[in-house]
Structures are given as structure tokens and as C-alpha cells.
Amino acid sequence: MHNADNNNHTELPLTMQAVVAYAPGDYRLEEVGVPKVGEGEVLIKVEACGICAGDLKAYEGAPSFWGDDTQPAYIKAPMIPGHEFIGHVMALGEGVKNLEIGDRVISEQIVPCWECRFCNRGQYWMCEKHDVYGFQHNVNGGMAEYMVFPKEAINHKLPDEIPMEKAVLIEPYACSLHAVKRAQIELGDVVVLSGAGTLGLGMIGAIKKSGPSKLVVLDLNNKRLELAKQFGADIVLNPADVDVVDYVKSITEGYGCDIYIEATGAVQSVEQGLYMIRKLGRFVEFSVFKEPVTVDWSIISDRKELDILGAHLGPYCYPLVIEGIGDGDFPTDHVVTHKLPLAEFHQGLDLMRNDPNALKVVLIPGGK
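Numbering-wise, this note's numbering puts 278 at position 278 of the sequence shown, and it's gapless, one number per residue.
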């Protein structure tokens, strides 16, 4: 059955396939109603949706998402996961400007409230309400055939000529760019990037454009290191084969790196960075950890007087990333390793968990 959208006379189905998350490990492919658009809202037909490491950690039941004795639940289930989506406008609610039916679009992963202290200061990515697509049922995500951008959403048009395999990386690469901006790299800095997953690889183009004297990339996966080298890393090292702390000190007259960006979510990578970084260095943490991480804080304070910086989401980065991916300044080749129909989302999660050759796994709603 189909339904004519009242605002735009576009024939839309009444139901759609969607992944619905109920609890850790309980994600189901279901037939649900196609959402309606209200005032200021946008309905899109999802072209593709990437699976994020955060999606996997949520599926596995990480307390930072589902809560525990020390923290409340962030997730509001049942909800449709997915925040790395692109799509085409199918219907427009009353009052929507700057978009037309058929436009290819993306929406920033957070839907700000525009009323809290942070939103009022322009720091919308730290919105107190903090609705992120795919983690709450009021902002259902892109693992579905259709989804709605709420009236508060920040939306961007995408050029039609950017291939899907590149366009679907805009959301993670926006996060990558924000982390690099937090690092405040100066000309001549020695930068160490720990982690050559999608987010780490997404940082390489931006780091190189910042003018470091050397970019060293660390990862336990040699294939990912090869890709990092192709993307512009000066030196790639596998910590399983090399004492990376000694190596970095050997190329910096014993001082250590100026900047360390942690993008693995592994405890050992955090400790390694604290030993590797020079005094007065800058440590940027950009990971979602399964469990709390404990470190020797005396290194941060008394011994090295480090700047420790977090990085969250991709604020004010989407236009730059859309341009950078489009013109090749931010390399993307071979980052998307798997494309699966939506119905095979469980296989996609398994690939993310178990296949060392899987980088970005993308779900294609309506795909076969």
C-alpha cells in the first residue's frame, strides 16, 4: 500500500523495514510505519547508513549507553539505530526552507534543543538534552528505509556526484576533523595518531594540512597501516612489532611527540600516549570506552603538565568535510569495506566485531 504525502503529493509506502533496538543484543528487523512529517520536519529516503563502533558497543551493552549502578541510561529504547546516514528528501513539513524534494542530504548527528546553556552559547554539540540520532526513540536513526529530520536538526545538502562510498563517511570524518582542530597542531609539530580505524584514517588528511613535521600512525592491523601510509602518514608503526615509545623518543631527541591523538578506545593506547608525549604536550582523547580507564594522573600533572582534551562529535565541520571529501583533500579510498542490505545488519555487526579486515560496514536499505 502507498500513501500520498499531503504536503508534497509524493507517493510513499505506509510501512518500511527498520532495525529496532530493544535491549543489548536484542536488535530486530521489523516492519514499521513510515514516519509522518510535522511542521519544520524533513522525511528522507535513506540511501546508506554506516555502522559505527559506538553502534557496536551499544549492541554489546556498554554501560555508557545502557546505564548501570553509577550512571543513568543514555539510550531510550525501543529505537531505530544509525547516525551515519545519507539520503534524499521525499517530503517537507510546513515552513521548511532551503531544501527541495529530491535533494541529497545529511543531518548532523546531534539534534540540539536550542534552549539549554550550551545551545545558547553556540556550543550545540554539547547540548544538555543531547539527542543523537539512533540512540533515542524521539530521534530514530538511519537503519531504516525512511527517517525524519526534526525541526531542530542541522541539515546540509550533498552534491549528487560524490559516490555513496565517500558520502557515507561525512559523519565520521566530521568527528575526525573536530578532534584534529582540538589538537591545535602547529607547523613543525610531531604528531602521533593512535588508531587507523575509520575515524583515525579520517584525521590524516586534516592533520597533514596542518603542517606537522612528522605524522606517525600506530595500529595493530598492518593493512590499516598500509592505508594510513597511502593517505599521507609519514611513519606507520605496529606496537606489536616495535617499542613505539622508544621509537618516537628516538626521532624527537628524546623529548617525545608534541601531540598524541588517541582514537582506539584501548586502555593500552592511553597509557602508551602518556609515556610517549613530551612535557607540556597536548593529548587529545577521541574514543568511546567500554569500561572506565584508570591512569597515573601524576604524569599529567606533576611530571609533564599536559593539556588533556576531549573531542565529541563534529560541530561546525560538515561543510568543510563535504568539500574535502568531494575534492579528495580528505582521502576515503577503501575505507568502506563492506556493503550489506539492511536485513543483514546482524552480519554487519559481526563483521565489525570479528573481521580484522572490516573498516566501515555500510547498510543499504532496500538493497539485495
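Glycine included, C-beta positions come from ideal geometry on N, C-alpha and C.
Query	Result
Where H156 sits in the DSSP three-state scheme	strand
Continuous beta strand (DSSP E) assignments of at least 3 residues falling wholly in the region 227–286	235–237, 257–262, 277–285
I86 and A48 closer than 7 Å at C-beta	yes
Among E41, E108, G54, K181, nearest to Y74 - alpha-carbon criterion	G54
Bridge partners - Q109, DSSP secondary structure assignment	The partner list for Q109 (beta bridge, DSSP) is empty, contrary to what the question assumes.
Reduced DSSP category for V353 - H, G, I as helix; E, B as strand; rest coil	Note on identity: in this sequence residue 353 is Arg, with Val being the wrong assignment. Of the three classes helix, strand and coil, the one that applies to R353 here is helix, per DSSP.
Meets three-Cβ-pair contact criterion under 8 Å: the region 209–225 and the region 182–199	yes
Close-in-space but distant-in-sequence residues of the same chain around L237 (CB under 7 Å, 5 per side omitted)	V216, L218, V244, Y247
Cα-Cα separation between G38 and D69, rounded to whole angstroms	38 Å
Rounded straight-line distance, which links the Cα of I80 to that of R28	10 Å
Residue environment, P319, which counts as buried when at least 16 other CB atoms sit within 10 Å	exposed
Counted within 10 angstroms of its Cβ, other Cβ atoms place R303 as buried (16 or more) or exposed	exposed
Residue interval of the beta strand (DSSP E) (run including L13)	A quick correction: the sequence has Pro, not Leu, at residue 13. Start and end: 11–13.
Outcome for Y22 when other beta-carbon atoms lying within 10 angstroms are tallied against a minimum of 16	exposed
Q347, DSSP secondary structure in three states	helix
Beta-carbon spacing of I364, K166 below 7 Å	no
Straight-line gap, G367 to V336 (C-alpha atoms, nearest Å)	16 Å
Pick from Y255, S194, D355 that is closest to A266, judged by C-alpha positions	S194
Range of the contiguous beta strand (DSSP E) that encloses V192	190–194
Unbroken alpha helix (DSSP H) run spanning C49, endpoints	First-last for C49: 42–51, but that is the beta strand (DSSP E), not the alpha helix (DSSP H).
Closest residue to H114 among A18, E262, Y124 (Cα-Cα distance)	In the sequence on display, residue 114 carries Trp and not His. Closest by alpha carbon: Y124.
Three-state class that DSSP yields for M203 in the structure shown	helix
Whole alpha helix (DSSP H) elements within the region 15–89, 4-residue minimum	53–59, 63–66
Nonlocal neighbours in the same chain, by C-beta distance under 6 Å from V180, ignoring five residues either side	M203, A206, I207
Euclidean distance between Cα positions of E344 and V46	16 Å
Buried versus exposed call for E93 [16 or more other C-beta atoms within 10 Å across all chains shown]	The residue you asked about is not Glu; residue 93 is Gly in the sequence shown. When all chains shown are included, G93 counts as buried.
Cβ neighbour criterion (16 or more within 10 Å) applied to D258	buried
Among E11, G25, P35, nearest to Q17 - alpha-carbon criterion	P35
L342 - DSSP class collapsed to helix/strand/coil	helix
Delimiting residues of the beta strand (DSSP E) encompassing Y146	146–149
Identified DSSP bridge partners for L92	V42
Three-state secondary structure assigned by DSSP to K290	coil
V105 vs N138 beta-carbon contact at 7 Å	no
Identity of the residue in L177, R121, A91 nearest P150 by Cα	A91
For E41 and T15, believed in contact at Cβ under 8 Å, the rounded distance	That pair is no contact at about 19 Å.
Per-residue DSSP class, three states only, for K129	coil
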